[in-house]
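In order, the protein sequence lines correspond to chains V and G.
Take the first sequence: its letters are residues 247 to 664, numbered as in the numbering used here.
Take the second sequence: its letters are residues 247 to 664, numbered as in the numbering used here.
Number of protein chains: 2
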Amino acid sequence: METCSFKEISGGVTAARGYVSHAISCGIKKPTATRLDLALVFSTEPTTSAGVFTTNRVRAACVRVSREHMRRGDVRAIIANSGNANACTGEAGLEVARTECRLVAQELGILPREVAVCSTGVIGLPMPMMRIEPRIPELCRGLAAGKGHDVASAIITSDTREKEVAVSFEVEGKEVRIGSCCKGAGMISPCMATMICMVCTDAAVDRMALRKLLRAGVEKSFNRITIDGDMSTNDTCLLLANGASGVELAPGHPGWDTFCEALQYVLMKQARHIVKDGERVTKYVTVRVKGAPDRAEAKRVAEGVAKSSLVKSSWNGGDPNWGRIIHAVGYAGRRVHEEKVDIDIAGLPACRAGVQADTPSDDLRARVQAPEFEVLIDLHLGRAEYTVYTTDLSPEYVDFNRSEYAYWNQAKQDGLTR
Amino acid sequence: METCSFKEISGGVTAARGYVSHAISCGIKKPTATRLDLALVFSTEPTTSAGVFTTNRVRAACVRVSREHMRRGDVRAIIANSGNANACTGEAGLEVARTECRLVAQELGILPREVAVCSTGVIGLPMPMMRIEPRIPELCRGLAAGKGHDVASAIITSDTREKEVAVSFEVEGKEVRIGSCCKGAGMISPCMATMICMVCTDAAVDRMALRKLLRAGVEKSFNRITIDGDMSTNDTCLLLANGASGVELAPGHPGWDTFCEALQYVLMKQARHIVKDGERVTKYVTVRVKGAPDRAEAKRVAEGVAKSSLVKSSWNGGDPNWGRIIHAVGYAGRRVHEEKVDIDIAGLPACRAGVQADTPSDDLRARVQAPEFEVLIDLHLGRAEYTVYTTDLSPEYVDFNRSEYAYWNQAKQDGLTR
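Take a look at the structure:
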């Protein structure tokens, strides 16, 4: 095994060579807004590409179209907007997504199926195509290197900050880069989250290997996170590889393991960014289940604890409430034996063999004040493990999500639905 | 089919003949408290009995002991406390539950297995048996008719009001009564809720018929409610029948159908009471799924919508947000076809064939301001149906559940754990 030898670099989604981008403000969300809300990323070279999408049975129009276009595995442009999810918008929504791809392709001299489309925002509101369509030529003409940060800005919604991760490593004297940006914030749950993640590398990678790698990577990162247990209609993670580094990678190749590690690092770090920037979130909690009889049971228990409103409320209060954790272990698991369950909170024993451990509760409480801690649950029934990354639930989250109505109504009055 | 011919009466859990009760204040929760927290219900006649308990793999000591005692089906006394759940208390907790039954049995001249025990309150804290044990003789000596309301008071925790339902009907000139009390408030989810429900009738009913009836009744009432999606360790529903009315009932008997209807009415009304009095709840929402390909899919979809934090937050804000509802339909269901989904909110079309319906959103919004409304989801895939009764999620719920730590710590300082 190679040692991990990549390093973080700046540059976001266009950090790798051969990628250009542009982002503009169309007023998709508010007619008078000046905030960036439409972005384009383009590889100047042909690519191989892979995508992973929401498993929600209700899928946004952009997800449907992007899946279709991803089938060939040669997508080299991604158009993305925030402010409207283009979900539950019927045939008209599909037409919008297809038109976006067609217009971008025309401008760039590529095929429509070489364009993927991502949208994020409110569900069920028709897309304001009259605001988007006339701006697409301008969007394409502005493409340039070094503007990845604008893409990161244009795709966020209730996120409080841009999410960019890029890395670089050397393979036989040549530098390979991976750049990425993503957005998260609400409706975050496996599998996957209300998220868009774009990853662009300048390695050349066979499309089948790329697909396999992305699927495995998402499984260990974005599919392990939950903020509110609500799986979105729009989740999309896209990976483009254009070979601009002059390095071709494949399983068995000297640089392959480093590439895999570096990509995994990027995905995991972005997943972590999403959780830490969850809507009105104050804690980052790792829920690790071990000693499970099988992986499915470990997963059920970890997700059960990570999704429990009562457990999450207690974390918000800085309360080391192991009683609520074990109650969730008990209803989420199918084979749990209460008298075998150990729970550690932030490294201290909280529960041993199903009853309270000796740790002074003030010590536990002190640890749970930290913005980040681990809950380790040992079922003592086998060797399977599963880890989920999650957050607390705050009164502010609920308050924040009480109403989109005013926005919705305003959007209609402003004519933002055509 | 008979027409429904029962009427509501007063009297709570001891409304039926042959039941006596008493409740006292032991300071289980706070040493100085004067609030009733220990109750006893007793049938002066031998009974048949049935019980339904939590399916959580982590079960309170009282649930384990009561299940054991219910096996013979002749329980005639129920001792219940609030303030401590006697859950995750290990062997010591089991010993407490068994001792409670033994002491009550001694005082009343019955067998320990004729006593059931219920506890509700905090998980993981040892029971303050030193406060309970010396008071049991007094609890038993105070038994009298007409004091059912005190039992209803003694078992509630974060409930804001007592929950009593009693009915009466005539069978061939003789009056049969069913009385009940219950508690709910938090950790409410199928199957079942953090609830205790005691139902006492003066009909004589065969124990096998009684069991079947209770199971079916709970399935349609308490197993259909969810407040926070968190299934408790202590859920218990007990049904006692003592024959004091002189009426013996069995399937096929003239009064049987009325009895079944009356019992169902009692259980459903109590389930409704629990939901309406959920912690910091402002809405009572019926989620009805129809047109499902099978019952399991209908159930998945109904529970998915009823448990979605985002959907529940929007109800709290009086927001008729069908987009969030359909997103939950999509992730909860396995066979949903988005383009077939219709959603009505409070009787008005909100979504048709997966896209927004024509109903003006102000009209929808006006309906969702009501404290009670129905969400009807038609999947148009078959004939199966399922209904769940639920609530909104409020910032106040989260705030209320942020910390039990202060209470916990105080309890220890006050010596309330022995």
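Even glycine gets a Cβ: it sits at the ideal position worked out from N, Cα and C.
Apply the 10 Å Cβ neighbour rule to residue i and answer buried if 16 or more other Cβ atoms are within range, or exposed otherwise.
| i | result |
| --- | --- |
| lysine 545 of chain G | buried |
| arginine 322 of chain G | buried |
| valine 355 of chain G | In the sequence as displayed, the identity of residue 355 of chain G is glycine instead of valine. Exposed: under 16 other Cβ atoms inside 10 Å. |
| aspartate 523 of chain G | buried |
| lysine 253 of chain V | exposed |
| threonine 278 of chain G | exposed |
| serine 289 of chain G | buried |
| tyrosine 265 of chain G | buried |
| isoleucine 434 of chain G | Unreliable placement is indicated for isoleucine 434 of chain G, whose pLDDT of 48 sits below 50; no coordinate value is reported for it. |
| methionine 375 of chain G | buried |
| methionine 247 of chain V | Unreliable placement is indicated for methionine 247 of chain V, whose pLDDT of 40 sits below 50; the coordinate value is still reported in the next sentence. Methionine 247 of chain V comes out exposed. |
Specify the secondary structure class of residue i as computed by DSSP and reduced to three states.
| i | result |
| --- | --- |
| glutamine 510 of chain G | helix |
| alanine 362 of chain V | strand |
| glutamate 408 of chain G | coil |
| aspartate 609 of chain V | helix |
| valine 634 of chain G | strand |
| leucine 495 of chain G | strand |
| histidine 626 of chain G | coil |
| serine 435 of chain V | Unreliable placement is indicated for serine 435 of chain V, whose pLDDT of 43 sits below 50; the coordinate value is still reported in the next sentence. It is coil, neither helix nor strand. |
| glycine 576 of chain G | helix |
| histidine 583 of chain G | coil |
| leucine 282 of chain V | coil |
| alanine 548 of chain G | helix |
| glutamate 620 of chain G | strand |
| methionine 376 of chain G | helix |
| methionine 316 of chain G | helix |
| glutamine 516 of chain V | helix |
| alanine 450 of chain V | strand |
Looking at the C-beta of residue i, does it have a partner C-beta in chain G at a distance below 8 Å?
| i | result |
| --- | --- |
| aspartate 645 of chain V | yes |
| glutamate 314 of chain V | no |
| asparagine 327 of chain V | no |
| glutamate 360 of chain V | no |
| arginine 570 of chain V | yes |
| histidine 573 of chain V | yes |
| isoleucine 471 of chain V | no |
| glycine 297 of chain V | no |
| aspartate 565 of chain V | yes |
State the start and end residues of the unbroken alpha helix (DSSP H) segment that holds residue i.
| i | result |
| --- | --- |
| valine 321 of chain V | Per DSSP, valine 321 of chain V belongs to no alpha helix (DSSP H) and is neither H nor E. |
| leucine 484 of chain V | Taken as a continuous stretch (DSSP letters only), leucine 484 of chain V belongs to no alpha helix (DSSP H), being part of the beta strand (DSSP E) at 482-487. |
| proline 641 of chain V | 641-646 |
| glycine 394 of chain G | 394-401 |
| leucine 354 of chain G | 336-354 |
| glycine 463 of chain G | 453-466 |
| arginine 263 of chain V | Where arginine 263 of chain V is concerned, there is no enclosing alpha helix (DSSP H), given that its DSSP letter is neither H nor E. |
For a cutoff of 8 Å on Cβ pairs, would you count residue i as touching chain V?
| i | result |
| --- | --- |
| aspartate 540 of chain G | no |
| serine 640 of chain G | yes |
| isoleucine 591 of chain G | no |
| glutamine 602 of chain G | yes |
| isoleucine 378 of chain G | no |
| glutamate 465 of chain G | no |
| glutamate 408 of chain G | no |
| threonine 335 of chain G | yes |
| isoleucine 369 of chain G | yes |
Could you tell me whether the Cβ of residue i comes closer than 8 Å to any Cβ of chain C?
| i | result |
| --- | --- |
| proline 292 of chain V | The structure shown contains no chain C; the protein chains it does contain are V and G. |
Which residues mark the beginning and the end of the beta strand (DSSP E) in which residue i is found?
| i | result |
| --- | --- |
| lysine 253 of chain V | 253-255 |
| lysine 429 of chain G | 420-429 |
| isoleucine 591 of chain V | 588-591 |
| lysine 536 of chain G | 530-538 |
- request: Determine, using beta-carbon pairs with one atom in the stretch 499-506 of chain G and one in the stretch 585-602 of chain G, whether at least three such pairs fall under 8 Å.
  value: no
- request: Examine the Cβ distances between the stretch 482-497 of chain G and the stretch 339-351 of chain G and report whether three or more of them are shorter than 8 Å.
  value: no
- prompt: Would the stretch 522-536 of chain G and the stretch 627-647 of chain G be scored as touching if the rule is three or more Cβ pairs under 8 Å?
  reply: yes
query: Counting pairs of beta carbons, one from the stretch 592-600 of chain G and one from the stretch 546-558 of chain G, are three or more of them closer than 8 Å?
result: Touching, no.
- prompt: Would you say the stretch 362-370 of chain V touches the stretch 326-338 of chain V, given that touching needs at least three Cβ pairs under 8 Å?
  reply: yes
- request: Take every Cβ of the stretch 250-261 of chain V, pair it with every Cβ of the stretch 450-463 of chain V, and state whether three or more of those distances are shorter than 8 Å.
  value: no
query: Is it a yes or a no for the stretch 552-572 of chain V touching the stretch 618-638 of chain V, going by three-plus beta-carbon pairs under 8 Å?
result: With the cut-off at 8 Å, the stretch 552-572 of chain V and the stretch 618-638 of chain V touch.
query: Is there contact here, the stretch 295-311 of chain G with the stretch 390-399 of chain G, by at least three beta-carbon pairs under 8 Å?
result: no
- prompt: How do the stretch 269-287 of chain G and the stretch 385-392 of chain G stand: do at least 3 beta-carbon pairs fall below 8 Å, yes or no?
  reply: yes
- request: Report yes or no: do the stretch 531-544 of chain V and the stretch 613-633 of chain V share at least 3 C-beta pairs separated by less than 8 Å?
  value: yes
query: Are at least three pairs of beta-carbons, each pair with one atom in the stretch 505-517 of chain V and one in the stretch 306-321 of chain V, less than 8 Å apart?
result: Under the Cβ criterion (8 Å, minimum of three pairs), the stretch 505-517 of chain V does not count as touching the stretch 306-321 of chain V.
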